[in-house]
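Structure first, commentary second.
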Amino acid sequence: MSPIFASNGTSPLQDDHQEENGHVTTNETSENGIDSLSRYQGYQEAQGSGPDKVTSIFSHSTTKVDLSTAYTSVPLNNQPSFKARKLRTIIIGAGYSGLTLAHKLRYQHPEMEDIVTCKIFEARSEIGGTWLVNTYPGVQCDVPAHIYVGFLPDLRSRTASPYENTETYVITPSYPIYQAFPFDPNPSWSKFYVSGPEIHDYMKQTVKKWNLDRDVQLNMKVIGAYWQEGPGLWKVIVEHNGVKAEEYAEILISGQGFLNAWKWPDINGLESFKGKKVHSAAWDHSYDYSGKRIAVIGNGSSGIQILPQLAQLDGTDVTSFQRGPTWVISRMSAAMLLGRDDISPNPEYTEDEKRRFSVDPKYHNEYRKQLVHRINKAFKVFVKGSPANLEATEFATRQMSNKLNNDPELCKKLIPTWELGCRRVTPGEGYLESFLRSNVHLTQSPITHITEEAVHTADGQKLEVDVVVCATGFDVSHCPHYPVIGRDQASLAQKWAEEPESYLSLACPQFPNYFIFTGPNAVVGHGSLMEGLGWAAEYMIKWIKKISTEDIKSTAPKQEVVDEFVTYGDQVHKSLTWTGGCRSWYKKGRVDGRVTAAFAGSALLFKELVSEIRGEDFEIQYRSPNRFRFMGNGFTEYELDDTNDLAWYIEK
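Heads up: the sequence shown begins at 1 in UniProt numbering, then just goes up one per residue.
See below:
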């Protein structure tokens with residue numbers, strides 16, 4: 001791990017500048033005698049940047065600058081065009097998002113090592129994100145393991161233009177290009193859907209394997225982030241063992257996700273309960289749940305996975321409290337994909353299968369491509385009233401009914417009437433079958449209050465219990481739990497208090513150089529989340545390169561662009577099942593709310609939208625009054641190397 005509070009050098013706000021009689025003096029010494037940015041620094045201070053000093057990447061001699069000509073006169077930048085400047089980048093969170101970006105920066109884009117210095121701040125004592133927090137019994141991934149973690153990066157060897165992204169390269173990586181995390185597919189997964197502990201173990205092993213913890217600082221809690229307009233930097237306040245420190249970076253990236261800030265349900269009297277009270281995201285493994293009367297509140301993914309585990313313990317009596325039914329189905333036949341005859345909803349991989357995945361990457365890739373193809377094709381199911389949705393609904397109804405032994409009362413209570421896909425569909429191994437057990441009960445009457453020893457419902461029931469399990473999810477408001485203050489003192493928490501809105505889930509107006517993984521309207525309702533994280537990371541890298549090589553100070557999406565994106569997305573959502581008649585966290589827990597969590601389209605559409613930067617959608621501020629200053633001295637760095645082929649573009 002990196003040393004705590006390790007510094008890349010002096011604070012960027014501590015440069016030794018002085019102002020004398022309308023001139024700015026800098027004490028930096030030039031390597032080449034060129035006074036590159038002193039006039040612009042004078043212009044910035046004249047415009048009221050305040051006491052914050054601007055850090056120049058160009059060294060220059062002690063010079064007095066005439067502020068009256070600072071804007072109209074731009075001195076020659078005597079460096080090759082597109083010359084990169086080093087950017088400090090802070091990533092908040094060492095879960096899949098932050099670690100995926102860290103791998104891409106170092107291995108898939110090795111040129112970024114010369115552009116970026118990176119720090120990853122993790123508030124907890126381990127890496128892992130969601131899979132570190134969620135350790136309740138039965139926790140597992142609800143998409144096939146072989147696609148949840150691992151997608152092949154498109155790094156086929158190619159000869160690129162030396163001007164493409166300002167790098168010159170033929171991609172011939174020294175590491176296996178089929179490896180991914182989404183860079184390191186695991187051939188040894190134990191089951192079709194794997195458990196949380198297995199995923200977390202894999203994460204830790206992979207991080208060590210690729211040395212991704214090089215830039216991670218553990219037990220480093222971010223308690224505030226503040227945009228500094230003058231120098232174009234983020235000031236990030238961090239805390240370690242009660243000691244606070246300031247860190248500065250040109251780029252700030254939120255990789256915290258949305259499944260780690262858990263919350264207790266708002267139930268009157270919950271705090272007065274005298275028995276054992278536990279939340280699914282803060283599971284107490286030291287407590288013995290056997291022989292207990294247990295109330296499980298909630299039937300989202302965690303409640304669905306917890307209930308059958310508790311029901312199987314000796315002597316337990318379990319009651320599920322839920323506001324309504326949800327779709328619980330196995331979405332594809334795992335056995336069929338493996339060429340088996342069994343109908344297990346979650347089969348184990350045999351040693352022979354795992355061995356073949358390991359020694360035959362092509363076969364492993366083809367198997368994973370089958371899974372990805374099926375999931376991408378399934379987006380048609382999310383179109384209201386479509387043949388695919390109607391067919392899937394019939395299939396799901398039949399499957400659920402069979403698992404409930406066609407019990408008419410259970411089918412009526414547990415099979416939804418609203419659109420399939422309105423809420424996230426969960427495989428739920430053993431969940432429906434649990435309601436056929438004599439020790440499992442169901443109530444859908446709303447909880448009115450909880451007393452010292454019982455749960456009370458609107459229909460007059462009083463259920464005495466020993467344990468209350470709150471499988472009630474997370475704060476999915478997307479608001480960070482610390483102040484993020486952007487341009488003009490805009491507060492992200494206030495901006496997103498009612499309806500969180502973003503640009504393609506990745507950026508937000510008034511928050512320059514701030515990028516977000518799984519922000520509002522991300523790809524969370526369709527496909528594998530890991531795909532979206534990888535595509536988002538690639539998009540961020542494109543911006544970091546552009547900022548570094550085109551002399552850009554800051555970039556943020558335009559408010560009117562985000563307004564249009566949200567408005568059109570709302571129109572698309574009207575045709576999709578996520579706006580159906582269910583209560584869903586996609587809609588902030590409301591039945592008729594706007595869809596603020598899920599992207600208005602397929603995963604493949606999102607991939608297409610973020611494949612390139614749409615510069616016209618952004619407000620861009622440059623470090624110089626002249627946006628073309630990055631043209632430098634008129635030469636490209638490539639052509640200054642006499643060993644390079646300067647006629648590469650001639651067609652054969």
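Idealized CB from N, CA, C, for every residue including glycine. Keep in mind it's a predicted model, so treat the numbers as computed, not measured.
Where the alpha helix (DSSP H) containing residue i begins and where it ends
i, result
"residue 495", "492-495"
"residue 574", "Run containing residue 574: none; DSSP gives neither H nor E here."
"residue 100", "96-103"
"residue 350", "Careful: residue 350 lies outside any alpha helix (DSSP H) and carries neither H nor E."
"residue 627", "Looking at the DSSP string, residue 627 is not in any alpha helix (DSSP H), and its letter there is neither H nor E."
"residue 263", "Unbroken run through residue 263: none, as it is neither H nor E."
"residue 301", "301-311"
"residue 541", "529-549"
Reference residue i; option with closest CA among the options
i, options, result
"residue 606", "522, 568, 550 and 596", "522"
"residue 382", "404, 357, 623 and 420", "420"
"residue 433", "411, 507, 208 and 423", "411"
"residue 449", "441, 435 and 464", "464"
"residue 478", "494, 486 and 466", "494"
"residue 216", "99, 339, 354 and 526", "99"
"residue 289", "268, 515, 316 and 575", "316"
"residue 492", "650, 225 and 251", "225"
"residue 88", "532, 186 and 117", "117"
"residue 352", "189, 138, 105 and 83", "189"
"residue 377", "392, 645, 365 and 452", "392"
"residue 74", "624, 193 and 648", "624"
"residue 251", "343, 86 and 438", "86"
"residue 197", "443, 648 and 133", "133"
"residue 242", "362, 634, 233 and 223", "223"
Chain-order list of residues whose beta-carbon lies under 7 Å from that of residue i (same chain, five-residue window excluded)
i, result
"residue 264", "270, 279 and 470"
"residue 501", "520, 562 and 566"
"residue 572", "600 and 601"
"residue 258", "474, 476, 478 and 518"
"residue 604", "376"
"residue 203", "127, 128 and 131"
"residue 156", "Because the pLDDT of residue 156 is 31, which lies under 50, any placement of that residue in the model is unreliable, and the question is left without a value."
6 Å Cβ shell around residue i - same chain, five flanking residues per side excluded
i, result
"residue 51", "Interpretation of residue 51 is limited by its pLDDT of 31, a score under 50 that renders its predicted location unreliable; the figure taken from the coordinates is listed afterwards. Excluding positions up to five away in sequence, the list is empty."
"residue 456", "448, 449 and 462"
"residue 167", "Confidence is the limiting factor: at residue 167 the pLDDT is only 36, short of 50, which leaves the residue's position unreliable and the question unanswerable from this model."
"residue 508", "502"
"residue 650", "none"
"residue 637", "80"
"residue 120", "91, 94, 98, 215 and 216"
Supposed contact pair residue j and residue i - C-beta distance, whole angstroms, cut 8 Å
i, j, result
"residue 555", "residue 513", "6 Å"
"residue 140", "residue 312", "Not a contact, Cβ separation roughly 15 Å."
"residue 253", "residue 90", "7 Å"
"residue 105", "residue 375", "In fact, because the Cβ distance is near 28 Å, the residues do not count as touching under 8 Å."
"residue 416", "residue 326", "6 Å"
"residue 295", "residue 220", "Contact doesn't hold; Cβ gap of about 37 Å is too wide."
"residue 194", "residue 145", "4 Å"
"residue 454", "residue 445", "With a Cβ gap of about 14 Å, residue 454 and residue 445 do not count as contacting."
"residue 511", "residue 227", "7 Å"
"residue 368", "residue 147", "6 Å"
Per DSSP, cross-strand counterpart(s) of residue i
i, result
"residue 224", "237"
"residue 317", "293"
"residue 246", "237"
"residue 449", "456"
"residue 618", "557"
"residue 660", "Absent from the structure is residue 660, since the part of the chain shown begins at 1 and ends at 652."
"residue 118", "89"
"residue 191", "348"
"residue 503", "507"
"residue 590", "584"
"residue 474", "262"
Extent of the continuous beta strand (DSSP E) to which residue i belongs
i, result
"residue 470", "467-470"
"residue 464", "462-464"
"residue 514", "514-516"
"residue 404", "Element bounds for residue 404: n/a, residue is neither H nor E."
"residue 653", "Given that the chain is displayed from residue 1 to residue 652, the structure contains no residue 653 and the question cannot be resolved."
"residue 278", "276-279"
"residue 254", "251-254"
Sequence-distant residues of its chain with Cβ nearer than 8 Å to residue i (five each side left out)
i, result
"residue 525", "382, 421, 424, 578, 586, 597, 598 and 599"
"residue 399", "329 and 330"
"residue 431", "304, 305, 307, 308 and 328"
"residue 640", "80"
"residue 552", "546, 620, 621, 622 and 623"
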